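A.B. asks: Just so you know, we're using UniProt numbering here: the sequence shown kicks off at 1 and counts up by one. Positions of the beta carbon are idealized from the N, C-alpha and C atoms, including for glycine. Bear in mind that the values here come from a model prediction, so they are computed numbers and not experimental data.
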Amino acid sequence: MFENIPGELRTSLPAVEKHNHPVNLLSRWDESGDWWEQRVQFKIDPYQKYSTGRVGSFIEGAHRDGTPFSGNNFASQDYLSLSSHPKLIEAAKAAIDTYGLHSAGSAALMGNTALSVALERRLETFLGYDDVVVFPIGWAAGYGAVKTLVKPTDHVVIDILAHACLQEAARDATDNVHMHSHLNLRAVESRLARIRREDETCGILVVTETLFSMDSDLPNIPELQEICRRFNATLLVDCAHDLGALGETGRGKLEDFGIVGGVDILVGAFSKSFASMGGFVASNSKGLRFGLRGQCGPSTFTNAMSPIQAATILAALDIIESEEGAERRRRLMANSIRLREGLEAEGFEVLGKPSAVVPMLIGDILLARLMTRYAVDFGGIVNLVEHPAVARNACRWRLQVMADHTDEQIDAMIEVAGKAREMAEMHCEWLSANDNSEGNVEVVPAVAEIRAAAAE
1 MFENIPGELR
11 TSLPAVEKHN
21 HPVNLLSRWD
31 ESGDWWEQRV
41 QFKIDPYQKY
51 STGRVGSFIE
61 GAHRDGTPFS
71 GNNFASQDYL
81 SLSSHPKLIE
91 AAKAAIDTYG
101 LHSAGSAALM
111 GNTALSVALE
121 RRLETFLGYD
131 DVVVFPIGWA
141 AGYGAVKTLV
151 KPTDHVVIDI
161 LAHACLQEAA
171 RDATDNVHMH
181 SHLNLRAVES
191 RLARIRREDE
201 TCGILVVTET
211 LFSMDSDLPN
221 IPELQEICRR
231 FNATLLVDCA
241 HDLGALGETG
251 RGKLEDFGIV
261 GGVDILVGAF
271 SKSFASMGGF
281 VASNSKGLRF
291 GLRGQCGPST
301 FTNAMSPIQA
311 ATILAALDII
321 ESEEGAERRR
331 RLMANSIRLR
341 EGLEAEGFEV
351 LGKPSAVVPM
361 LIGDILLARL
371 MTRYAVDFGG
381 IVNLVEHPAV
391 ARNACRWRLQ
401 VMADHTDEQI
411 DAMIEVAGKA
421 REMAEMHCEW
431 LSANDNSEGN
441 VEVVPAVAEI
451 RAAAAE
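#1: Taking the DSSP output, what are the residues bridged to Ala269?
#2: Would you report the Cα separation of Leu236 and Pro359, rounded to the nearest angstrom?
#3: Please classify Leu9: is it buried, with 16 or more other beta-carbons within 10 angstroms of its beta-carbon, or exposed?
#4: Among Ala193, Phe280 and Leu332, whose alpha-carbon lies nearest the alpha-carbon of Leu399?
#5: Classify Thr208 as helix, strand or coil using the three-state DSSP reduction.
#6: Look up Phe69 in the DSSP assignment and say whether it is helix, strand or coil.
#7: Between Val134 and Gly287, is the Cβ-Cβ spacing less than 8 Å?
#8: Exposed or buried, residue 457, counting other C-beta atoms within 10 Å across all chains shown (16 or more means buried)?
#9: Using C-beta distances below 6 Å, list every residue in its chain close to Phe2, excluding the 5 sequence neighbours before and after it, in chain order.
#10: Less than 8 Å between the C-beta atoms of Asp154 and Ile204, yes or no?
#11: Using a Cβ-Cβ cut-off of 8 Å (strictly less than) and excluding sequence neighbours within five positions of Glu449, which residues of its own chain qualify?
#12: Pairing CB atoms from the region 302-314 with CB atoms from the region 122-142, are three or more of them under 8 Å?
#13: Just the C-alpha distance for Thr113 and His163, rounded to the nearest angstrom, thanks.
#14: Return the chain-ordered ranges of every beta strand (DSSP E) run that is complete within the region 309-348 and spans a minimum of 3 residues.
#15: Going straight from the alpha carbon of Gln409 to that of Arg340, what length do you get?
#16: So, at 6 Å on beta carbons, what are the nonlocal neighbours of Glu120 in its own chain, with the 5 sequence-adjacent residues on each side left out?
#17: Which residue wins for smallest C-alpha separation from Ala282, given the options Leu149, His102 and Asp217?
#18: Check each candidate in His405, Arg293 and Trp397 and name the one with the smallest Cα separation from Ala334.
#19: Under a Cβ-count criterion, where at least 16 other Cβ atoms within 10 Å of its own Cβ denotes burial, should Pro354 be classed as buried or exposed?
#20: Can you check whether the CB of Ile320 is closer than 8 Å to the CB of Gly258?
#21: Over what stretch of residues does the beta strand (DSSP E) that includes Ile158 continue unbroken?
#22: Quick one: what does DSSP say Ala245 is sitting in, helix, strand or coil?
#23: To the nearest angstrom, how far is the alpha carbon of Asn232 from that of Ile89?
#24: Compare the Cα-Cα distances from Ala269 to each of Leu218, Ser190, Met179 and Ala141 and report the closest residue.
Written as structure tokens, this is what we have:
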């Protein structure tokens, strides 16, 4: 037996009641509280999970109601499997012994440490730029770069799927924001030509990514940079998901294109391949450093990167630039290809190109929520991405591959995906046959029964 899923839980977001009277801002959120709690009750709430031990290719954790789970981990961003690497742990401990725990100040004042300064110099060499400024989190780097560069009279031309920090910064900086269809360089070229016809003196920032994390695809960066230079526009590229994990020496897709250090501005995050929070902005402008330090809210008015972060990232760089790092990238790519090919053999649509991100399209929101529930029951820990993070009826699993995943774990995940789809489709068929508007049928099958049914 399956349990009924009330109709209001089969939609993307809770309905927001319209009022004809003043509404308290907290009350507005309280109206959606029951919807979120019902999702837990009916076991279709995959969000806000937490780990109860170290991050690795196998993980133990719990749902937000405390219900424990364990399984092969395809939900964590630890592409090179460095989060528990002994050398990084040793570096973090040594930093604590020398510097303590906390930066204790803004990077504009006394918050820097010798480690964060050394990291900036090291990154200048690694990335091929004259100047690098580090931030305590990746979001701050992306948002801060755009918001600092762009003035109200300037224009931003940005891919419609660019990261939220980049889109929010663009909207906060200027009303002149031009979204273009995903990866469409002809649309960029056309928009730049139109802007320049109307205003020969304004600043223009073009924003894209080297690897889009929801689709695992990318534009032709060298061609885009050439287009920008033709119209005297500045190109900003976010490399959060490929730096360290891709490229012969870990310098990401720009290395594959042969243009390391060749785009105007490079922003990135350390949270995917460097086992640490943090981000950076790289450019060949020495003057931009002072803007990012003294006139950039996410840097000026918050505490600087901690010594623990800086030490961890420096140790990660040592590995990334070593033969061990090259071997980890080879294993990561082999794992990605094995997972992609296995899922495609099972009839799933896998988006984009091989990378640490394997987006598996599901589509229907109820099917996706049920598949995610059953995947965890079967021991496959996955992340569901649904509207508004992606388009309606374009729900997907964003499977995140690690270098330390074994062939057995990859194959088990492929099997879990097939079983989860089968169970979810059966559940959807049952709902269609037994639907009722009251939503009061609550027969919850035990995990053992689910597994037995899927095995038959």
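C.D. replies: Reading off the structure:
#1: Answer is Gly279, bridged to Ala269.
#2: If you take the alpha carbons of Leu236 and Pro359, they lie about 25 Å apart.
#3: It counts as buried.
#4: Per the Cα distances, Leu332.
#5: Collapsing the DSSP output to three states places Thr208 in a strand.
#6: DSSP places Phe69 within a strand segment (E or B) once states are collapsed to three.
#7: Taking the C-beta atoms as reference points, Gly287 is found no nearer than 8 Å to Val134.
#8: Summary: the structure shown does not reach residue 457, with the chain confined to residues 1 through 456, and so no result is reported for it.
#9: Cβ within range, chain order: His427 and Trp430.
#10: Contact: yes.
#11: In this prediction, Glu449 has a pLDDT of 46, which is less than 50 and means its spatial position is unreliable; nothing more can be read from the coordinates.
#12: Flag = yes, the region 302-314 and the region 122-142 touch.
#13: Annotation: Thr113 to His163 spans about 30 Å, alpha carbon to alpha carbon.
#14: If we require 3 residues or more, the region 309-348 turns out to have no beta strand (DSSP E) run fully inside it.
#15: Our two residues, Gln409 and Arg340, have alpha carbons roughly 13 Å apart in a direct line.
#16: Only Val132 and Val134 meet the Cβ criterion.
#17: Here the closest residue by C-alpha is Leu149.
#18: For the residues His405, Arg293 and Trp397, the minimum Cα distance to Ala334 belongs to His405.
#19: It counts as buried.
#20: Taking 8 Å as the Cβ cut-off, Gly258 and Ile320 do not qualify as a contacting pair.
#21: If you look at Ile158, you'll find it in the beta strand (DSSP E) that goes His155 to Asp159.
#22: It is coil, neither helix nor strand.
#23: Taking C-alpha positions only, Asn232 is separated from Ile89 by approximately 45 Å.
#24: Nearest of Leu218, Ser190, Met179 and Ala141 to Ala269, Cα basis: Ala141.
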